[in-house]
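Asker: Residues 0 to 195 in numbering that gives the first Met the number 0 are what the sequence shown lists, from first letter to last. Where a beta carbon is used, it is the ideal one built from N, C-alpha and C, also for glycine. Bear in mind that the values here come from a model prediction, so they are computed numbers and not experimental data. Please see the structure below; I have some questions.
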Amino acid sequence: MLDANNVYTQFPVGRRVFILLKGMMLGDYGGTIQIGIDSSRSNDGRFLNLEGIPQALFDQYIVKGSFNNVVAPKMVKPADFTKTINDPLLSTLVKINNAEFRDADINKTYADPSTNVSAVNFTVNTCDKQSIVLRNSSYARFAGLNVPDGNGVLTGIPSIFNGTMQLFVRDTADVQFTGTRCNGQTAVPVQKRLQN
């Protein structure tokens, strides 16, 4: 867990990192293992809450390695996730083929740019009738952009929250939905949909 913004400037895709674990703690956030520092109990005393590493302490816990390492996503299907805390696919880069937003969602934005809600969930379906939740932060730079109405490849990082599998995208380049939908409908580019 990192307590900072714009960390991609220090840790771009393809940079190898090493984590120094001395002084850190493991935690379980709704079924996903997290590493953080310090901790406090929830008001009712039932949950231990980890804190993110403050940016001023990054160098104490994170060693920056080499650049330009190839990060190849693993091809998966939504049914491959076990929905358990020890699922080896959690927190790894994965890719799902033949994915699309539901018909009811294709005129919506990725999230709520007014940040009235911190994140928005979408159900993404595949042509073989499997599904996964796509969770997008309302603080993302792309929150106000319309989702695409085609079918294609979805790349993201899976986590689990209270038994629900979720996928997080890094940016809109992870949502390559430009092909024909499962029902045969041809995709219309977002710009053209907004003009009509």
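1. Could you check whether R180 and N150 sit closer than 8 Å to each other, using their CB atoms as the reference points?
2. Below 8 Å between beta carbons: does that hold for K82 and M164?
3. Mind checking who S26 pairs with in its DSSP beta bridge?
4. Please report how far the alpha carbon of A78 lies from the alpha carbon of G44, in whole angstroms.
5. Suppose contacts are defined by Cβ-Cβ distances below 8 Å. Is L56 in contact with G35 by that definition?
6. Compare the Cα-Cα distances from L144 to each of V62, L88, Y7 and V119 and report the closest residue.
7. Answer yes or no: do L88 and P72 have a C-beta to C-beta separation smaller than 8 Å?
8. Just grab the DSSP bridge partners of T81 for me.
9. Nearest-angstrom Cα distance between N97 and K21?
10. Taking all protein chains shown into account, decide if V62 is buried (16 or more other Cβ within 10 angstroms of its Cβ) or exposed.
11. Per the DSSP calculation, Q175 is bridged to which residue(s)?
12. With burial defined as no fewer than 16 other Cβ atoms inside 10 Å of the residue's Cβ, what is the status of D37: buried or exposed?
13. For N124, count the other beta carbons within 10 Å of its own beta carbon; 16 or more makes it buried, fewer makes it exposed. Which is it?
14. Let me know if G13 comes out buried or exposed under the rule of 16 or more other beta-carbons within 10 Å of its beta-carbon.
15. The beta strand (DSSP E) that contains F167, what's its start and end?
16. Which residue or residues does DSSP assign as beta-bridge partners of D2?
17. Per DSSP, L47 is paired with what?
Answerer: On the basis of the data shown:
1. yes
2. yes
3. Contrary to the premise, residue 26 reads as Gly rather than Ser in this sequence. Answer is Q33.
4. 35 Å
5. no
6. V119
7. no
8. None; T81 has no bridge partner.
9. Going from the Cα of N97 to the Cα of K21 covers about 43 Å.
10. exposed
11. V152
12. exposed
13. buried
14. That one is exposed.
15. T163 to F167
16. Residue pairing by DSSP puts D2 in a beta bridge opposite P53.
17. R40
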